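Asks: When you read off a place in the sequence shown, starting at 1, and then add 3, the result is the number in our numbering.
Quick one: this structure, given as structure tokens, is what I'll be asking you about.
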Amino acid sequence: MEWYEQEVREMEQRRRVSPPPAGLVLFYGSSSIRMWESLEEDFRDVGVLNMAFGGSTLAACVWFFERLVVPCRPRSIICYAGDNDLGDGRMPEDVVVSFRNLLAKVDTHFPQIPFSMLSIKPSPSRWHLSDRIRFINEAIKREMQGRDNRYFIDIHAAMLGSDGQPDNSLFLEDGLHVSQKGYQVWKELLLDRSGEIF
Numbered sequence: 004m005e006w007y008e009q010e011v012r013e014m015e016q017r018r019r020v021s022p023p024p025a026g027l028v029l030f031y032g033s034s035s036i037r038m039w040e041s042l043e044e045d046f047r048d049v050g051v052l053n054m055a056f057g058g059s060t061l062a063a064c065v066w067f068f069e070r071l072v073v074p075c076r077p078r079s080i081i082c083y084a085g086d087n088d089l090g091d092g093r094m095p096e097d098v099v100v101s102f103r104n105l106l107a108k109v110d111t112h113f114p115q116i117p118f119s120m121l122s123i124k125p126s127p128s129r130w131h132l133s134d135r136i137r138f139i140n141e142a143i144k145r146e147m148q149g150r151d152n153r154y155f156i157d158i159h160a161a162m163l164g165s166d167g168q169p170d171n172s173l174f175l176e177d178g179l180h181v182s183q184k185g186y187q188v189w190k191e192l193l194l195d196r197s198g199e200i201f
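Structure follows, in structure tokens:
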């Protein structure tokens, strides 16, 4: 996890210098969250904190949970991660294990607050991994079903066109990261569940 250490230390330093208030909705995960530049404006009536870090895998989200999430004392956690694990060559079963480990961390530290996991998005540049992505998404959905305050948010289906292929307008030119239009899709999906997840 040394690859992430510098950015994580910088985030910790910023938190020490300017501590965020407790009780915010904490967004956690990879650059798909970190690069959401309009996040605070999109949820200005909610009160949010972006604690995502670039290139994060689900495994890294587990590793840094006590350092990045626990001290912030959020009222809700929303997470996106998983596709970087596949990009690094991990098998889908290993990614599901990492998710279970993350869920265990949440259950240990925050058993009563909402925790929402966004599905892995259908990035055009990783469409060749679509079967693995669907496997992971279905597994995460099953893990969350029937559990109090645990929610699966399906962004995958909402980012496909009528032909069942990724909607390129929802992604940047790199075919991996989310465009502003794509973030508006995410925003609407989350606001539709605001009574549960916030």
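C-beta: ideal position from N, C-alpha, C; glycine also.
Note that the structure is predicted; figures quoted are calculated from it, not measured.
Taking a contact to mean a Cβ-Cβ separation below 8 Å, would you say Asn152 touches Pro117 in this structure?
Replies: yes
Asks: Tell me whether Ser41 sits in a helix, a strand or coil according to DSSP, three-state version.
Replies: Looking at Ser41 - three-state DSSP - the assignment turns out to be coil, as it is neither helix nor strand.
Asks: Could you tell me if Ser119 is buried or exposed, where buried requires 16 or more neighbouring beta carbons within 10 angstroms of its beta carbon?
Replies: buried
Asks: Give a yes or no on whether 8 Å exceeds the smallest Cβ distance from Arg150 to chain C.
Replies: Going by chain labels, chain C is absent from the structure shown, which holds only one protein chain.
Asks: Compare the Cα-Cα distances from Ser41 to each of Asp195, Gly198, His131 and Val181 and report the closest residue.
Replies: Val181
Asks: Would you mind giving the Cβ-Cβ distance between Met162 and Leu173, rounded to the nearest angstrom? I have them listed as a contact below 8 Å.
Replies: With a Cβ gap of about 5 Å, Met162 and Leu173 count as contacting.
Asks: Bridge partners of Cys82, per DSSP?
Replies: Tyr31 and Met120
Asks: Count the other C-beta atoms from every protein chain shown that fall within 10 angstroms of the C-beta of Asp86, then say buried if there are 16 or more, exposed otherwise.
Replies: By the 10 Å Cβ count, Asp86 comes out buried.
Asks: Give me the Cβ distance between Asn53 and Trp39, rounded to the nearest whole Å; I'm assuming they're in contact under 8 Å.
Replies: 7 Å
Asks: Do Cys75 and Pro23 have their beta-carbon atoms positioned less than 8 Å apart in this structure?
Replies: yes
Asks: Buried or exposed for Arg37, going by 16 or more other Cβ atoms inside 10 Å?
Replies: Buried, since its Cβ has 16 or more Cβ neighbours within 10 Å.
Asks: If we call anything under 8 Å between Cβ atoms a contact, is Val28 one with Phe46?
Replies: yes
Asks: Could you check the C-alpha separation between Trp130 and Ser165 for me, to the nearest Å?
Replies: 16 Å
Asks: Between Cys82 and Tyr31, which are expected to be in contact by the criterion C-beta below 8 Å, what is the C-beta distance as a whole number of angstroms?
Replies: 5 Å
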